[in-house]
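Scroll down for the structure; my scribbles are underneath it.
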Amino acid sequence: MVSNLGYSNTTTNFQVFPYPITPHPSLQRFNCEDSNIEPFYCKSCNFQAELTVLFKQHIEHRHRESFFEKNSLQSYFCEKCLFETHCCIKLLQHATQCLKKTKNRHTINSAKARQAKINKWYNCDQCKRKYRYKRWLKRHRFSEHMNLDVIPWYQCGHCTYKCKKKHYLKRHIHFNHLNASNINWFTCDQCPYKTKHKESLKKHQIARHSDERVIKWHECQHCLYKSKFKSNLVSHINMHHLDERDIKWYECKECSYKAKQKITLKNHVNSHHLSEQEIKWYECKKCPHKAKQKGALKRHIIARHLDEEEVKWYECKMCPYRAKQGRRLEHHIIALHLDEQDITWYRCEQCPYKAKDSQNLKRHMNSRHLDKGDVKWHECERCSYKTRRKSNLKRHTNAYHLY
1 MVSNLGYSNT
11 TTNFQVFPYP
21 ITPHPSLQRF
31 NCEDSNIEPF
41 YCKSCNFQAE
51 LTVLFKQHIE
61 HRHRESFFEK
71 NSLQSYFCEK
81 CLFETHCCIK
91 LLQHATQCLK
101 KTKNRHTINS
111 AKARQAKINK
121 WYNCDQCKRK
131 YRYKRWLKRH
141 RFSEHMNLDV
151 IPWYQCGHCT
161 YKCKKKHYLK
171 RHIHFNHLNA
181 SNINWFTCDQ
191 CPYKTKHKES
201 LKKHQIARHS
211 DERVIKWHEC
221 QHCLYKSKFK
231 SNLVSHINMH
241 HLDERDIKWY
251 ECKECSYKAK
261 QKITLKNHVN
271 SHHLSEQEIK
281 WYECKKCPHK
291 AKQKGALKRH
301 IIARHLDEEE
311 VKWYECKMCP
321 YRAKQGRRLE
331 HHIIALHLDE
341 QDITWYRCEQ
351 CPYKAKDSQN
361 LKRHMNSRHL
371 DKGDVKWHEC
381 ERCSYKTRRK
391 SNLKRHTNAY
401 HLY
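The sequence shown finishes on residue 403 if you use full-length UniProt numbering, and the numbering steps up by one all the way, no holes.
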């Protein structure tokens, strides 16, 4: 259709924007009737997504042959110039600023020249990847296709860490081996929190000190989940709502384990395949406890060593329950307060079992369906007892060997 502004599109009726658009730089001129995100539509199937990262994952895994095509998304075009966008609102923004006239040959030629430059791609000769900039292609070849034996590795002098780039090693040393007195700490002005990362401080302030009534929440379109961070929403959708065929799996090189997130695979390798000497332990400064994961140490400190007034409690809005960890509050709400139709069930593929929590399904699989040869046994150091669950071993130790 063609709007009264002289701009055409192929998918959306402009009647969804019932208010007049005035040439003002503020986005307030788009007074939409609701706050729903405009989805991105796939041209090859009925798939749609609110986030571009999920749309790109879909194209890469379901329509691999068109992954690098410019027209994977449905587009909106300006009739006065060569402007093209995948977002209807951006076309409306452009409409108030576009002064190009199709009768001006010089303007058209300049626009075409710029468009030709934009459309120039640098193709990898070893795979199907292509990049907008030459330096991106160079970086891709270096990280993906260079023989590991000829790479000039940068080795850390304090641990086994090594990397391909010098600034990665510099950053690693700064965050892991620098004396605390020499670190430029970023401190929170509202609590004792401090961090080595500026971005971590920013996230901390949003997570802990922002007013929940005015914060911009990123809400899941499939369930009641919401987060203050877009990255958390993307991870949530990948974990719980993405079609199996659209998931990018991270596979373990040592066993058949695979994970939906890179950090999950890293934790698996640290827990199951590293020797005692290779493990980087995170040690508690207040007791002998140590953990293989930084998050596990943090949970230990919150649970064991923080005073009541120092804890940020996660309180249930439907009952007096409160928890020190957001995950525990989430489990509580799912277990006690959610209606059956609102629960995302985790179903076993080998029997009728279903669970409200992914960890419960995992425990079920390990207990009922895993071959004994694939089980990681937790063995007692003082007797012949062994179990599939770490919690059972801890209970056994407390019952029989504590004194």
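Glycine included, each C-beta is placed from N, C-alpha and C at the ideal position.
(request) Inspect the beta-carbon positions of Ala-323 and Leu-329 and report whether they are closer than 7 angstroms. (result) For this step, residue 323 is matched to residue 323 along the sequence shown. For this step, residue 329 is matched to residue 329 along the sequence shown. It is a contact, given that the beta carbons lie within the stated cut-off.
(request) My understanding is that Tyr-257 touches His-268, with C-beta atoms under 8 angstroms, so please give their C-beta distance in whole angstroms. (result) Here residue 257 is taken as the residue at index 257 of the sequence shown, counted from 1. Here residue 268 is taken as the residue at index 268 of the sequence shown, counted from 1. At roughly 6 angstroms, the Cβ-Cβ gap stays under 8 angstroms, so Tyr-257 and His-268 are in contact.
(message) Measuring only the C-alpha atoms, how far is Gly-326 from Cys-284?
(response) Sequence index remark: in the sequence shown, residue 326 carries index 326 (1-based). Sequence index remark: in the sequence shown, residue 284 carries index 284 (1-based). A straight-line Cα-Cα distance of about 22 angstroms links Gly-326 and Cys-284.
(message) Can you tell me whether Arg-135 is helix, strand or coil according to DSSP?
(response) By 1-based counting over the sequence shown, the position of residue 135 is 135. In the structure shown, Arg-135 sits in a helix (DSSP, three-state: H, G or I).
(request) Tell me whether His-58 sits in a helix, a strand or coil according to DSSP, three-state version. (result) To locate residue 58, count along the sequence shown from 1; it is residue 58. Residue state, collapsed to three classes: helix.
(request) Locate the alpha helix (DSSP H) running through Ser-358, then write down its first and last residues. (result) Position 358 of the sequence shown, counted from the first residue, corresponds to residue 358. Ser-358: member of the alpha helix (DSSP H) spanning 358-368, first to last residue.
(request) Please name the residue in His-177, Lys-196, Glu-308 whose C-alpha comes closest to that of Phe-186. (result) Taking the first residue of the sequence shown as 1, we reach residue 186 at position 186. Ranked by Cα distance from Phe-186, the first of His-177, Lys-196, Glu-308 is Lys-196.
(request) Please report how far the alpha carbon of Lys-294 lies from the alpha carbon of Trp-121, in whole angstroms. (result) The sequence position of residue 294 within the sequence shown is 294, counting from 1. The sequence position of residue 121 within the sequence shown is 121, counting from 1. Distance between the alpha carbons of Lys-294 and Trp-121: 41 angstroms.
(message) Please report the distance separating the alpha-carbon of Gln-93 from that of Ile-279.
(response) For the purposes of this step, residue 93 is taken as residue 93 along the sequence shown, with counting starting at 1. For the purposes of this step, residue 279 is taken as residue 279 along the sequence shown, with counting starting at 1. A direct Cα-Cα distance of roughly 53 angstroms separates Gln-93 from Ile-279.
(message) I'd like to check one pair, Asn-123 with Lys-134: are the Cβ atoms closer than 7 angstroms?
(response) Counting from one through the sequence shown, the residue named residue 134 turns up at place 134. Counting from one through the sequence shown, the residue named residue 123 turns up at place 123. Their beta carbons are not under 7 angstroms apart, which means Lys-134 does not touch Asn-123 by this criterion.
(request) Identify, in the order they occur along the chain, each residue of the same chain with its Cβ nearer than 6 angstroms to the Cβ of Ile-206, setting aside the five sequence neighbours on each side. (result) By one-based count along the sequence shown, residue 206 stands at place 206. Taking Ile-206 as the centre and dropping the five residues before and after it, the same chain places the C-beta of Lys-228 closer than 6 angstroms to its C-beta, in chain order.
(request) To the nearest angstrom, report how far apart Ser-210 and His-240 are at their CA atoms. (result) The count along the sequence shown starts at 1 and reaches residue 210 at position 210. The count along the sequence shown starts at 1 and reaches residue 240 at position 240. Rounded to the nearest whole angstrom, the CA to CA distance from Ser-210 to His-240 is 27 angstroms.
(request) Mind checking who Thr-187 pairs with in its DSSP beta bridge? (result) Residue numbering aside, residue 187 sits at position 187 when the sequence shown is read from its first letter. Beta-bridge pairing by DSSP links Thr-187 to Lys-194.
(message) In chain order, what are the residue ranges of uninterrupted alpha helix (DSSP H) at least 4 long that sit wholly in the stretch 263-330?
(response) The DSSP assignment places 294-304 as complete runs of the alpha helix (DSSP H) inside the stretch 263-330, in order along the chain (cut-off: 4 residues).
(request) Determine the DSSP secondary structure at His-174, reduced to helix, strand or coil. (result) Looking up residue 174 in the sequence shown gives position 174. In the three-state reduction of the DSSP assignment, His-174 falls in the helix class, which pools H, G and I.
(request) Within 10 angstroms of the Cβ of residue 428, are there 16 or more other Cβ atoms? Answer buried if so, exposed if not. (result) There is no way to answer for residue 428, as the model of the chain reaches only from 1 to 403.
(request) Counting only the same chain and skipping the five closest in sequence on each side, list residues whose C-beta sits under 8 angstroms from that of residue 413. (result) Since the first residue of the chain shown is 1 and the last is 403, residue 413 is not available in this structure.
(message) Our contact map puts Val-311 next to Leu-54 with C-beta atoms below 8 angstroms; I'd like the distance itself, whole angstroms only.
(response) For the purposes of this step, residue 311 is taken as the residue at position 311 of the sequence shown. For the purposes of this step, residue 54 is taken as the residue at position 54 of the sequence shown. In fact, because the Cβ distance is near 35 angstroms, the residues do not count as touching under 8 angstroms.
(request) Kindly list the residues whose CB is nearer than 6 angstroms to the CB of Ser-391, restricted to its own chain and excluding five residues on each side of it in sequence; keep chain order. (result) Here residue 391 refers to the residue found at position 391 of the sequence shown. By the criterion of a C-beta distance shorter than 6 angstroms, Ser-391 is surrounded by no residue of its chain, once the five residues flanking it on both sides are discounted.
(request) Determine which residues share a DSSP beta bridge with Asn-123 and list them. (result) Translated into the one-based positions of the sequence shown, residue 123 becomes position 123. Beta-bridge partners assigned by DSSP to Asn-123: Lys-130.
(request) Going by DSSP, name the residue or residues bridged to Ser-227. (result) On the sequence shown, position 227 is the one that residue 227 refers to. BP columns for Ser-227 point to His-218.
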